[in-house]
Every structure is written in structure tokens, then in C-alpha cells.
Amino acid sequence: MKHYFKVYKTLLKLNLSELFAYRAGFVNSIISSSLWGGFQIVWVTLLIARIDSFYGWTKDELILITVNYVFIIMGIFHLVFSRNFDRFSRIIDKAELDLILVKPLDSQFLLSFWYFNYASLFRLIIGVPIVIYLIIKIGISISLINVISYLVLIVFSIILMYSVWLSFSTLMIWFPRLSNITALLYNINGISRFPPDMIYELKSFILFFLVPFTLLSAIPTKALVKNIFSGDTGLLIFLSVFLFYISKKFWKFALRYYTSASS
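The numbering of the sequence shown is this note's numbering, which starts it at 958 and goes up by one.
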């Protein structure tokens, strides 16, 4: 484990060097990311403008769910993982995976943590004050337990999202040019801006596969502002642990069917 930390520290330094080499791209990423996040808040605000509550959530609480998703959860995901998943198709299609598999490190680790998107730090820097502002606006008292619960559940949400993305990206072992799968996942992730109660109310078996996505932001938000630990909290924790295990096993299973360039 200590060796992996050293490797990751080296990767962080390399990514920082890349940042200084391409500063214009770094600034563009910050601007586009901030504008996209702002648009999401405006869109949800307009969507709920004429209602007082939505499935038991007030307007400000619904906006807080969106902020948690757009700036906190996706901020962390873009910071650590998104660039790595974006290159999955190219690595497999161009047989660059061969170079990773021969290294004396876990291939999943190298694929997942090779790139670090420093520009997404600014999304978190913007998001945290907005979260604090909305908490003050809602007018609730937040205890240390609330904050700790919120942060822990954010971690489980990231694990859950990572596991789902890894499972779908693993399909590229069999279908190397399935590059549009990441675009599909970004679109499906958008359901995280809404509470899971919406899916439950629809009572459609077909839509139940969306439930994990609706848990990503709503459950940490609920722990922060409603101080409620419901069955959904346990479901989030269970799914994150279970799907992480399954995704790791699925990746190792898929590697058996990988055809290297030398083959």
C-alpha cells in the first residue's frame, strides 16, 4: 500500500507539471466548468420556481441537492477519475493497455489514477461556500455529527459512481470502440439532481436501475439538512461496497478476454 501512495504522489507531480505546461487549457477548464455548474443551478431553480416542495424537499433543499451533485460529488469525480475514464476507449482500442499490464502494479489502479484534473479543485472551492450559504438560508443548525455523516456518505457516493463507471467501461474490453458509453454515463448521472422518491413514485421496474444514481447526492444532503438516516442510507452504503467488489471482479474477469497487440 505504501508503494502505491508513492506512485500516486509521483503521478500528482507529473500532472502538476502538465498543468504549468498547458496553462491556457487549465484556465479554459475552470471557466467552462464554473459556467456549466452555474447553468445547472439556474436550470433547477427555474424548474422548481412554481412549486413549494417536491417529494418532501423544499426549494432550497432541492437546490442544495443540485449543488452537492454538480460542485461537490462531480467536482471530486472530475478531479480524480473522469479524465481516466475518458481515455479507456483509446487505451484499449490502440492496444496501449499492453504497456499497463506489464507494469508491476495493479492495472485497475493505473487506469483509474493516472490523470489528476487540478482544474476541478476550483469547482470544489466554488461549491463549498454555496453549500454553506444554502444551509444558512434554510435556517437549520448543523452539528458535527451531521457534517461527519455528510462527508462519509459523500465518500460512499464517489465509490458507488466509480464502481458503476468502471463496470460499464470494462465492456470496452469486448467492444473497444464503445467510446460513447462515457457520454451516456454523464447523461444518466444527471438524474442525481433529483431525490430517489421520484423514481419510487413512478413504480416502473425499468427505471429502477436509476435508483443508485438518485442516491448519490440526495442521501448525503439528507444527512446534512434533515438529520434522517433512512433505509436509503443503508442502500447507498450497501450498493457502494457491493458494486465496488463486483466491478473489481468484473475487470479482472474481462482481462482474460483482452487481445493484446502481440496476439
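Beta carbons are placed, not taken as given, at the ideal position from N, Cα and C, and that holds for glycine. Nothing here was measured: the structure is a model prediction, and the numbers come from that model.
- Listed in chain order, the non-local C-beta contacts of Ser990 below 6 Å within the same chain comprise Arg1080, local neighbours out to five positions each way being set aside.
- Assigned with DSSP and collapsed to three states, Ser1010 falls in strand.
- DSSP places Thr1178 inside the alpha helix (DSSP H), whose first and last residues are Val1168 to Val1182.
- Excluding sequence positions up to five before and after Leu1123, its CB lies within less than 6 Å of the CB of Ser1204, all in the same chain and listed in chain order.
- In this structure Ile1087 touches Val1024 by the C-beta definition: roughly 5 Å separates them, less than 8 Å.
- Under DSSP, Thr1015 shares a beta bridge with Ser1010.
- For Trp1071 against Asn1041, the beta-carbon gap comes to about 6 Å, under 8 Å, which counts as contact.
- Contact between the stretch 1040-1057 and the stretch 1125-1142 is present: three or more C-beta pairs spanning the two stretches fall below 8 Å.
- In the assembly as shown, Tyr1012 is an exposed residue. Its beta-carbon has fewer than 16 other beta-carbons within 10 Å.
- Pro1153 carries a coil assignment under DSSP once its states are collapsed to helix, strand and coil.
- Just so you know, the alpha carbons of Asn985 and Leu1167 end up roughly 32 Å apart.
- The shortest C-alpha to C-alpha distance from Leu1172 to any of Ile998, Leu968 and Ile1022 is the one to Ile1022.
- In chain order, Ser1046 and Asp1050 place their CB closer than 8 Å to the CB of Arg1134, counting only its own chain and leaving out the 5 sequence neighbours on each side.
- When the Cα atoms are used, Ile1148 and Ile988 turn out to be separated by approximately 24 Å.
- Assignment of Trp1208 by DSSP, reduced to helix, strand and coil, places it in the helix class.
- Using a Cβ-Cβ distance cut-off of 8 Å, the stretch 1191-1199 and the stretch 1025-1037 are not in contact, since fewer than three pairs of beta carbons, one from each stretch, lie closer than that value.
- Nearest in C-alpha terms to Ser1077, of all of Leu976, Pro1169 and Phe1199, is Leu976.
- Taking the C-beta atoms as reference points, Leu1110 is found nearer than 9 Å to Ile1176.
- Scanning Tyr965, Leu969, Phe1151 and Glu1158 for the CA closest to the CA of Leu1062 turns up Tyr965.
- For Ala1052, the three-state secondary structure derived from DSSP is coil.
- The Cβ atoms of Leu1181 and Tyr1107 sit closer than 9 Å to each other.
- Relative to Met958, the option among Tyr1214, Ile1145 and Phe1066 whose CA is nearest is Phe1066.
- In this structure, the beta-carbon distance from Pro1169 to Leu1142 does not fall below 9 Å.
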